[in-house]
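Enquirer: Following this message is one structure expressed as structure tokens.
There are 2 protein chains.
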Amino acid sequence: MNYDIFKKNVAVSEKEMFLETLAESRESIRIKKEKTIVKNLQKIFKATLKISNKKGFKAMSMRDLSRETGISLGALYAYFENKDDILNMLQSQRILFVTRIFENEIARAQRPLEKLRTVIKTHLFLSEFMQPWFYFSFMESKNLSPKEKQRTINAERDLDKIFESILDDGKMDGVFNDFDPVLTVEAIKALNQDWYLKRSKFRSQKISVDQYADFVIQFVESHLGVDKGRAAIPFGVDKTISQ
Amino acid sequence: MNYDIFKKNVAVSEKEMFLETLAESRESIRIKKEKTIVKNLQKIFKATLKISNKKGFKAMSMRDLSRETGISLGALYAYFENKDDILNMLQSQRILFVTRIFENEIARAQRPLEKLRTVIKTHLFLSEFMQPWFYFSFMESKNLSPKEKQRTINAERDLDKIFESILDDGKMDGVFNDFDPVLTVEAIKALNQDWYLKRSKFRSQKISVDQYADFVIQFVESHLGVDKGRAAIPFGVDKTISQ
DNA sequence: GTCTATATACGGATAGAC
DNA sequence: GTCTATCCGTATATAGAC
């Protein structure tokens, strides 16, 4: 899998997922027509990410948002009850979206090494696809409602567990060396996190997300002591890397 | 070197460094007695970090700061011209402090491997010693004045150069394997950065900064192919991946 | 040097016309 | 559904007494 393939897979279900995840926010929205909601809410989200990622959510005024979206102050409030709602809706959308994609991409049973590579790439490609959301989410997590904060913590814990169980399986199979599971998982996440936190830096260095994915995988695998000579050849396990 | 030793080394020159770095902010401070400045400015900095790291600098009101420091609203403004000054002073202090310590700790000529370990530890121990400053600096960098923003970028570039030259020397000496210098430096920084961004997580897992330093060093060294405990990476194999 | 009281502006949110 | 006009709380910053 590379990013182009991933992007195409995701793009087809994007709109429909947006609609599904809307259900939760639906009660706080005064607008009737779904089509109008989708159109304007997407405008609002996009503008919020743009402004907030430049100067912070707290520093973004509703007047800023009105100007950027072209929707008047009064009309904006038909799409949420208060400013913080936007933040929580964005986070809720992001988590549901990520969870859904993750379930799709890593559902198939695979061998640990393949699985590790798939999860690293999925995580990385998701953060590329939704970079402004990931960046925003990281920077503004302080101000989430208790509900969304808890949900974020849970999602984070789930991701940890996915990584841990893969590493564990690999250790059992003898594919991976001995290592500290907590620190290793945290390191993988730190490397992936850097992609969306420092994206403009990578872009200016002309490093693509595919290159970065390969780098992270190689970096992590040398820590795990994966024997490259053996892992690459049998069973075509290495397909994901060689393309 | 471990963290306890580092901490003792740094602590002795801390106060005097604070005084030195004060010179720059001096003109915007209306107070005469240096002793008073030091006492109250440290109180102000401490309180700012405490409040801002909880809810963000923008969300911290001057009334919050007044309450936390025990200094009245009016008196606070004798120590800076406006709220943003606090942010810029904090950042200026941090950069000057870090630069000074770095110069002291890595001055001595060493061999690349030793040097790499020293720089990783120094960077990590500094971020432990000044964790609230590092966290604050990362989170609030958006709102720095152009001057402090530029200074931050320069300091970052200097750090990159230090790492790059060490890796380069190691490559020339044949101590390190072939690797992508830009990505490798970025990876080291990402791992170190995670320490101050997720510090409470590490603390709750009872991971000490010394343990983390050893982990990062070992992680990076296995990427560079210097870990004697593992099989050497065959020539050429990883080229397809790292480029 | 530090305090209280206050000027002034700006931000979130709503009312009510269209 | 969307707009303009406006309310009102809160924020930064200052004035001026002590």
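Going down the list, the sequences are from chains A and B.
Heads up: the first sequence runs through residues 121 to 363, numbered per our numbering.
Heads up: the second sequence runs through residues 121 to 363, numbered per our numbering.
Heads up, the beta-carbon is just placed ideally off N, CA and C, and yes, glycines get one too.
Give me the chain B residues within the contact set of Ala167 of chain A, using Cβ-Cβ distance strictly less than 9 Å, ordered along the chain.
Expert: Position 47 of the first sequence, counted from the start, is the residue given in the question as residue 167 of chain A. The contacting residues do not exist; Ala167 of chain A stays about 17 Å from chain B at best.
Enquirer: For Met250 of chain A, which residues from the same chain have a beta carbon less than 8 Å from its beta carbon, with the 5 sequence-adjacent residues on both sides left out?
Expert: What you label residue 250 of chain A is simply residue 130 of the first sequence in a count that begins at 1. Within the same chain, Met250 of chain A has close Cβ partners Arg214, Phe217, Val218.
Enquirer: Residues of the region 183-212 of chain B in Cβ contact with chain A at a cutoff of 8 Å, in chain order, please.
Expert: Within the region 183-212 of chain B, no residue has a Cβ that lies closer than 8 Å to any Cβ of chain A.
Enquirer: Taking all protein chains shown into account, do 16 or more other C-beta atoms lie within 10 angstroms of the C-beta of Val132 of chain B, making it buried, or fewer, making it exposed?
Expert: Along the second sequence, read from residue 1 onward, the residue named residue 132 of chain B stands at position 12. So Val132 of chain B counts as exposed.
Enquirer: Quick check on Arg237 of chain B: does DSSP put it in helix, strand or coil?
Expert: Indexing the second sequence from 1 puts residue 237 of chain B at position 117. Arg237 of chain B falls in the helix class under three-state DSSP.
Enquirer: My output table needs one value for Lys178 of chain B: the three-state DSSP class, helix, strand or coil.
Expert: Reading the second sequence from its first residue, position 58 is the one you call residue 178 of chain B. Coil, per DSSP.
Enquirer: Using a C-beta cutoff of 9 Å, does Leu236 of chain A count as contacting chain B?
Expert: Along the first sequence, read from residue 1 onward, the residue named residue 236 of chain A stands at position 116. It does not: the Cβ of Leu236 of chain A has no partner Cβ on chain B nearer than 9 Å.
Enquirer: If you measure from the beta carbon of Asn263 of chain B to each beta carbon in chain A, is any gap under 9 Å?
Expert: Start at 1 with the first residue of the second sequence, and residue 263 of chain B comes out as number 143. Yes, its Cβ sits closer than 9 Å to a Cβ of chain A.
Enquirer: Among A:Glu147, A:Ile151, A:Phe138, which one has its Cα closest to the Cα of Thr165 of chain A?
Expert: Position 45 of the first sequence, counted from the start, is the residue given in the question as residue 165 of chain A. For clarity, residue 165 of chain A is Phe in the given sequence; the question names Thr instead. Selected option, being the one with the closest Cα: A:Phe138.
Enquirer: Which residues in chain B sit within 7 Å of Val302 of chain A, going by Cβ to Cβ distance?
Expert: Residue numbering aside, residue 302 of chain A sits at position 182 when the first sequence is read from its first letter. Within 7 Å Cβ-Cβ: Gln325.
Enquirer: Enumerated in chain order, which unbroken segments of the alpha helix (DSSP H) with a length of 4 residues or greater are wholly contained in the region 259-336 of chain A?
Expert: As far as the region 259-336 of chain A is concerned, its whole alpha helix (DSSP H) runs of at least 4 residues are 266-293, 301-317, 319-324.
Enquirer: Against chain A, with Cβ distances strictly below 9 Å, would Phe335 of chain B count as a contact?
Expert: Taking the second sequence and counting its residues from 1, the one referred to as residue 335 of chain B is at position 215. Closer than 9 Å to some Cβ of chain A, the Cβ of Phe335 of chain B qualifies, so yes.
Enquirer: For Asp298 of chain B, decide whether its Cβ has a neighbour in chain A, counting only Cβ atoms nearer than 9 Å.
Expert: On the second sequence, position 178 is the one that residue 298 of chain B refers to. By this cut-off, Asp298 of chain B is not an interface position.
Enquirer: Tell me whether Gly290 of chain A counts as near the ligand NAD, meaning its Cβ is closer than 8 Å to at least one heavy atom of that ligand.
Expert: Absent from the structure shown: the ligand NAD. Ligands present: none.
Enquirer: Let me confirm a value: Thr156 of chain B is counted as buried when at least 16 other C-beta atoms fall within 10 Å, else exposed. Which label applies?
Expert: Taking the second sequence and counting its residues from 1, the one referred to as residue 156 of chain B is at position 36. It is exposed - the Cβ of Thr156 of chain B has fewer than 16 other Cβ atoms within 10 Å.
Enquirer: Tell me the rounded alpha-carbon separation between Ala310 of chain A and Asp280 of chain A.
Expert: Residue 310 of chain A sits at position 190 when you count from the first residue of the first sequence. Residue 280 of chain A sits at position 160 when you count from the first residue of the first sequence. The alpha-carbon atoms of Ala310 of chain A and Asp280 of chain A are separated by roughly 12 Å.
Enquirer: For the region 193-204 of chain B against the region 221-238 of chain B, are there 3 or more C-beta pairs whose distance is under 8 Å?
Expert: Output reads no: the region 221-238 of chain B does not touch the region 193-204 of chain B.
Enquirer: Please determine, among A:His243, A:Gly190, A:Ile151, the residue with the shortest C-alpha to C-alpha distance to Phe126 of chain A.
Expert: Counting from 1 along the first sequence, the entry for residue 126 of chain A is found at position 6. Phe126 of chain A has its Cα closest to that of A:His243, out of A:His243, A:Gly190, A:Ile151.
Enquirer: Taking 9 Å as the CB-CB cut-off, is His343 of chain B touching chain A?
Expert: Translated into positions along the second sequence, residue 343 of chain B becomes position 223. Taking Cβ atoms only, chain A reaches closer than 9 Å to His343 of chain B, which makes this a yes.
Enquirer: For Asp288 of chain A, would you say it is in contact with chain B, using Cβ-to-Cβ distances shorter than 9 Å as the test?
Expert: Within the first sequence, the letter at position 168 stands for residue 288 of chain A. It does not; no Cβ of chain B falls within 9 Å.
Enquirer: Between Glu306 of chain B and chain A, is the shortest Cβ-Cβ distance under 9 Å, so that the two count as touching?
Expert: Counting from 1 along the second sequence, the entry for residue 306 of chain B is found at position 186. Answer yes: the Cβ-Cβ gap between Glu306 of chain B and chain A drops below 9 Å somewhere.
Enquirer: Would you call the region 262-273 of chain B and the region 173-188 of chain A in contact, with 3 or more CB pairs under 8 Å?
Expert: The region 262-273 of chain B vs the region 173-188 of chain A: in contact.
Enquirer: For Ala167 of chain B, name the three-state secondary structure that DSSP assigns.
Expert: Sequence index remark: in the second sequence, residue 167 of chain B carries index 47 (1-based). In this structure, Ala167 of chain B counts as helix in the three-state DSSP scheme.
Enquirer: Using CA coordinates, which residue listed in A:Ile171, A:Lys269, A:Leu246 is at the minimum distance from Glu134 of chain A?
Expert: Reading the first sequence from its first residue, position 14 is the one you call residue 134 of chain A. Per the Cα distances, A:Leu246.
Enquirer: What residue range does the alpha helix (DSSP H) around Gly435 of chain B cover?
Expert: Given that chain B is displayed from residue 121 to residue 363, the structure contains no residue 435 of chain B and the question cannot be resolved.
Enquirer: Assuming His343 of chain A and Phe339 of chain B are in contact, meaning their beta carbons sit under 8 Å apart, how far apart are those beta carbons, in whole angstroms?
Expert: On the first sequence, position 223 is the one that residue 343 of chain A refers to. On the second sequence, position 219 is the one that residue 339 of chain B refers to. Confirmed, about 5 Å.
Enquirer: Along the chain, where does the alpha helix (DSSP H) containing Ala131 of chain B start, and where does it finish?
Expert: Against the second sequence, residue 131 of chain B aligns to sequence position 11. Element bounds for Ala131 of chain B: 123-142.
Enquirer: From the DSSP output, in three-state form, read off Tyr199 of chain A for me.
Expert: Taking the first residue of the first sequence as 1, we reach residue 199 of chain A at position 79. Coil, per DSSP.
Enquirer: If you drop the 5 nearest sequence neighbours on each side, which residues of the same chain put their C-beta closer than 8 Å to that of Ile151 of chain A?
Expert: As a first step, residue 151 of chain A must be located in the first sequence, where it is residue number 31. Taken in chain order, the residues that qualify are Ile157, Asn160, Ala198, Tyr199.
Enquirer: For Asp289 of chain B, which residues of its own chain have a beta-carbon under 7 Å away from its beta-carbon, when the five flanking residues on both sides are left out?
Expert: The residue given as residue 289 of chain B occupies position 169 in the second sequence. Result list for Asp289 of chain B: Pro232, in chain order.
Enquirer: Run through chain B and tell me which residues come within less than 8 Å of Gly176 of chain A, C-beta to C-beta.
Expert: Position 56 of the first sequence, counted from the start, is the residue given in the question as residue 176 of chain A. Within 8 Å Cβ-Cβ: Gly176, Lys178, Lys262, Asn263.
Enquirer: Do we get a CB-CB distance below 9 Å when we pair Gln251 of chain A with the residues of chain B?
Expert: In the first sequence, counting from the first residue as 1, residue 251 of chain A sits at position 131. No, because no Cβ of chain B sits closer than 9 Å to the Cβ of Gln251 of chain A.
Enquirer: Can you find the residues in the same chain that come closer than 7 Å, C-beta to C-beta, to Glu268 of chain B, ignoring five residues on each side of it along the sequence?
Expert: In the second sequence, counting from the first residue as 1, residue 268 of chain B sits at position 148. Closer than 7 Å at the Cβ level, and outside the excluded window around Glu268 of chain B, lie Asn208, Gln211, Ser212.
Enquirer: Nearest chain B C-beta to Tyr332 of chain A closer than 9 Å, yes or no?
Expert: Here the question's residue 332 of chain A lines up with position 212 in the first sequence. Closer than 9 Å: yes.
Enquirer: Please check the pair Met182 of chain B and Ile171 of chain B, which I expect to be a contact at CB under 8 Å, by giving their CB distance rounded to whole angstroms.
Expert: Your numbering for residue 182 of chain B matches position 62 in the second sequence. Your numbering for residue 171 of chain B matches position 51 in the second sequence. That belief does not hold up - the Cβ atoms of Met182 of chain B and Ile171 of chain B are roughly 11 Å apart, past 8 Å.
Enquirer: Would Phe339 of chain B count as contacting chain A if we go by Cβ distances under 9 Å?
Expert: For the purposes of this step, residue 339 of chain B is identified with residue 219 of the second sequence, where counting begins at 1. Closer than 9 Å: yes.
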